[in-house]
Ligand code: AMP
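Numbering (our numbering), first residue to last: 420 to 557.
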């Protein structure tokens, strides 16, 4: 299967629809997941077009992983999370719903169950505040 630029992250990367941006440079966008599995759930999105890990350029992967680590540390610092789960889904049977490569950085809080993948929409003001706090911790 090939990359389809009409996916929702493609639209966000082109500025066609809004997002709670945490960090952006020439190669990557970090933003809040609007249907978070926990408070502070972020997405790290390489700008190079690929559906997922399976068709990504290895150079894209090696460039993005240090930032994934940096975001994980910033999310932990900004939220006080007890742990961080990293998730990445490849094709619909594996749970992928948006077909542009992205990495989930999901804070985990001791004794608090994670919400469902793609569950309820978060409050915009809360997402904006989290985006600011995580950006400040980066
Ligand atoms: P995946 O299932 O790995 O493809 O993950 C896609 C993620 O994108 C899900 O966790 C959704 O909650 C999230 N998502 C969908 N639409 C948006 C959006 N407009 N802005 C931010 N996150 C989104």
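Each residue gets a CB set at the ideal place from its N, CA and C atoms; glycine is no exception.
Small disclaimer: the values here were computed from a predicted structure and weren't measured.
Proximity to residue 514 across 538, 526 and 492 peaks at 538, based on C-alpha coordinates.
Look at the region 471–514 and you find these whole runs of beta strand (DSSP E), each 3 residues long or longer: 502–506. Note: residue 525 is bridge-paired with 504 in the DSSP secondary-structure output.
Residue 453 sits in coil when the DSSP states are folded into three classes, being neither helix nor strand. The Cβ atoms of residue 526 and residue 460 sit closer than 9 Å to each other. Taking 9 Å as the cut-off, the Cβ atoms of residue 448 and residue 466 count as close.
Within 8 Å of the C-beta of residue 537 there is at least one heavy atom belonging to ligand 1. For residue 433, no beta strand (DSSP E) segment is defined, and its DSSP state is neither H nor E.
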